[in-house]
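Novice: Just so you know, this note's numbering puts 423 at position 398 of the sequence shown, and the rest follows in order with no gaps. All residues carry an ideal CB built from backbone N, CA and C; glycine is no exception. Small disclaimer: the values here were computed from a predicted structure and weren't measured. For reference, the structure I am asking about is given below.
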Amino acid sequence: MVVKKIDADNSAKVKLDESAFISFVQESGLIWGPEPEIYGGLAGFYTYGPLGKLLKNKVENSVRHVFNFNGFRELEGPTIMPDRVWKASGHLGTFSDRIINCSKCNAVFRADKLVEEKFDVSADGFSDSKLLDFIKEKKINCPSCSGRFNDKLERQSLMMKTKVAGQDASLRPETATVTYLPFVRMYQYFRKKLPFGVFQIGKAYRNEISPRQSVLRGREFTQAEGQLFIDPKEKDNWDRFEIVKNEHLPLWDYTLQDAEKIPVLMSLENALKKKLVSTKAYAWCLWLAYMQFRRFGIPAERLRIRQHHPNERAFYAADAWDIEVKTNNYGWVEVCGVHDRTDYDLKQHSKESGVALEAIREDGTRFVPHILEIAFGTDRPTYALIDLFYEKKSEDDGKTVFKIPYSMAPISISVFPLMKKDELVEIAEGIYNNLSKDFIVDYDASGSIGKRYLRSMISGTPFAVTVDYDSIKDKAVTVRDRDSGKQERVKISELVSYIKEKLQ
Ligand SMILES: [Zn+2]
């Protein structure tokens, strides 16, 4: 979970008018909160308004499509588990944030975030003493009162605790662990054949010390995590690698980071040759994750794939890279982690539960499968799409446009009767009903046509359909394209196929 400030060289270019952006996000019905707003709000909890929820659904459906298309099947597990599970997974003992207190006002902050918000470094991997030294050397002071920090770190568990039937339990901090638990059931379902892939989209909870930055760092968030179970001997026997090996990805290995150099576009075949990634199956997972972000419509120049520094990698992880998106408001933001978790999780749960979590090869040998994980959420991509495609045109009349790619637009079409006259309204309602079978459609009959176009553009809606007096005679309507502003006369009977084609 790394959220970093914009790197200094580009900050001026991309920094937005933040208050205009926040009003856009709230007033257009994208994201509200922190909730409960009428009680003053608790940091880290948000409501997706009608437009935001439609957008998040688009993101989640894209994830479903990509995972299913690549042979992963979806599961839905519980969000609460007894603490035995979290003891075995390691979360109970070690899943914590390092916090630091202000010596003057006693405010508490997450130490690594204090550093990352000011400097483009990944402080996650810093040792305690390095983190303290960094804060001292760079003279980072309390953001609330500018006071000095105490020279001491403490740990706060990220687990949200509860009790179920008298037993200690916790809300899940990730979907991954819950996905691993029914391994025996999955193994049966997939006819005792490896590899197989599953994924889960669902809520997870982390008791973050200082959640900020809207839904980028919430205490309750939606994860979308794919898990590939594989025989460790087969990691390099991965046919699907052949299809993607010539794809070029923006790889930023840690030596480049150390030398303050930018990512290099490199083919996966080359990355494997240079041992930047260890296996063909892992390289394929990295491609799948990257391709998902391109499919969301995030431009290539806004993406980079950052290798974990050896000291920031989980102790069991063999390979670990993050995909990062450069947002306008918060700079580079981690949006996905691809990890080779090896056999760590299944071994841990096997030990704690006493149940063998194994597979059998054709020659009869038993082994614990390895897990390759593609871990991301759906809040961050949703936020990134809002952040990247929000456009305020200050040069003319300050019009706001949400230039989201057409395929990801929350609402596809607006339908307007030119006037509130029965004969026009009747045709417009007929069109609305018919289009609603295939698309999300908004019907808007109030105000001038110009105002309605503006509202439609603020919602990012690609097409506006206007029914006018000619429509009665020629059975056609005017379709206005959001980005080009071009208007075309389209037969009402051909409207569905016209829009379907344009949305692709
Ligand atoms: Zn202070």
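In terms of alpha-carbon separation, which member of Ser292, Lys270, Asp153, Thr486 lies closest to Glu337?
Specialist: Asp153
Novice: In terms of alpha-carbon separation, which member of Glu259, Ala284, Ile255, Leu290 lies closest to Glu272?
Specialist: Leu290
Novice: Tell me which residues share the same chain as Met185 and place their Cβ nearer than 7 Å to its Cβ, disregarding the 5 neighbours each side in the sequence.
Specialist: Ser195, Leu196, Tyr230, Asn232
Novice: Check whether the segment 432-447 touches the segment 111-122, taking contact to mean three or more Cβ pairs, one atom from each stretch, closer than 8 Å.
Specialist: no
Novice: Quick test of your reading: Ala148 and Asp137, contact by CB under 8 Å. State the CB separation rounded to the nearest angstrom.
Specialist: 4 Å
Novice: With a threshold of 8 Å (Cβ to nearest heavy atom), would Ser171 be considered close to ligand 1?
Specialist: yes
Novice: Bridge partners for Lys351 per DSSP, in chain order?
Specialist: Trp357
Novice: Out of Arg89, Leu328, Phe97, Phe246, which one is the CA nearest neighbour of Leu410?
Specialist: Leu328
Novice: May I ask whether a heavy atom of ligand 1 can be found less than 8 Å away from the beta carbon of Lys129?
Specialist: yes
Novice: Relative to the C-alpha of Gly102, which residue among His395, Gln317, Phe266, Thr200 is closest?
Specialist: Across the set His395, Gln317, Phe266, Thr200, the C-alpha of Thr200 shows the shortest separation from the C-alpha of Gly102.
Novice: What three-state label does DSSP hand Ile452 in the structure shown?
Specialist: helix
Novice: How is the beta strand (DSSP E) around Phe321 delimited, first residue to last?
Specialist: Counting along the chain, Phe321 falls outside any beta strand (DSSP E), and DSSP gives it neither H nor E.
Novice: Can you tell me whether Ala325 sits near ligand 1, meaning its C-beta is under 8 Å from at least one heavy atom of the ligand?
Specialist: no
Novice: Quick one: does the C-beta of Ala136 sit closer than 8 Å to a heavy atom of ligand 1?
Specialist: no
Novice: Quick check for students: name the residue ranges of the beta strand (DSSP E) that lie wholly in the segment 57-145, counting only runs of 3 or more.
Specialist: 97-100, 105-107, 121-126, 133-135
Novice: For Val450, which option in Thr403, Tyr468, Thr407 has the closest C-alpha, if you only look at C-alpha atoms?
Specialist: Tyr468
Novice: Would a C-beta distance cut-off of 9 Å place Lys270 and Ser292 closer than the cut-off?
Specialist: yes
Novice: Please classify Trp263: does DSSP put it in a helix, a strand, or coil?
Specialist: coil
Novice: Can you check which of these residues, Gln373, Pro220, Ile124, Leu460, is closest to Tyr307 by C-alpha distance?
Specialist: Pro220
Novice: Taking 9 Å as the threshold (C-beta atoms), are Gly222 and Gly191 in contact?
Specialist: no
Novice: Which class does Arg231 belong to by DSSP, given the choice of helix, strand or coil?
Specialist: Residue state, collapsed to three classes: coil.
Novice: Specify the secondary structure class of Ala400 as computed by DSSP and reduced to three states.
Specialist: strand
Novice: DSSP on Ser432, reduced to helix/strand/coil?
Specialist: helix
Novice: Excluding the 5 residues flanking Ile456 on each side, which residues of the same chain have their C-beta closer than 8 Å to its C-beta?
Specialist: Val440, Val490, Val492, Val502, Ile517, Leu520
Novice: Skipping 5 residues on each side, what residues in its chain have a beta carbon closer than 6 Å to that of Ile31?
Specialist: In this prediction, Ile31 scores a pLDDT of 32, lower than 50, which makes its location untrustworthy; the coordinate-derived value is nonetheless stated afterwards. So the list reads Gly356, once near-sequence residues are dropped.
Novice: Excluding the five sequence neighbours on either side, which residues of its own chain have a C-beta within less than 6 Å of the C-beta of Thr407, listed in chain order?
Specialist: Leu80, Lys81, Val84
Novice: For Asp365, write down the residues that DSSP places opposite it in a beta bridge.
Specialist: Leu397
Novice: Could you check if Pro198 is buried or exposed, using at least 16 other CB atoms within 10 Å of its CB as the buried criterion?
Specialist: buried
Novice: If we ignore side chains and look at the alpha-carbon of each, how far apart do Ser437 and Val133 end up?
Specialist: The straight-line gap from Cα to Cα measures roughly 45 Å.
Novice: Quick check: the Cα distance between Glu43 and Gly66, rounded to an integer number of angstroms?
Specialist: 20 Å
Novice: Tell me, please, whether the segment 365-381 touches the segment 278-288 by the rule of three or more beta-carbon pairs shorter than 8 Å.
Specialist: no
Novice: Could you say which of Arg180, Arg507, Glu141, Glu60 lies nearest to Lys163 if we only look at CA atoms?
Specialist: Glu141
Novice: Using the DSSP secondary-structure output, state which residues sit across from Tyr468 in a beta bridge.
Specialist: Val440
Novice: Is Gly213 helix, strand or coil by DSSP?
Specialist: The question names Gly, but residue 213 is Gln in the sequence shown. Looking at Gln213 - three-state DSSP - the assignment turns out to be helix.
Novice: Run the CB neighbour count on Val466, radius 10 Å, all protein chains shown included, and call it buried at 16 or more, exposed below.
Specialist: buried
Novice: Return yes when the C-beta of Cys310 is under 8 Å from any heavy atom of ligand 1, and no when it is not.
Specialist: no
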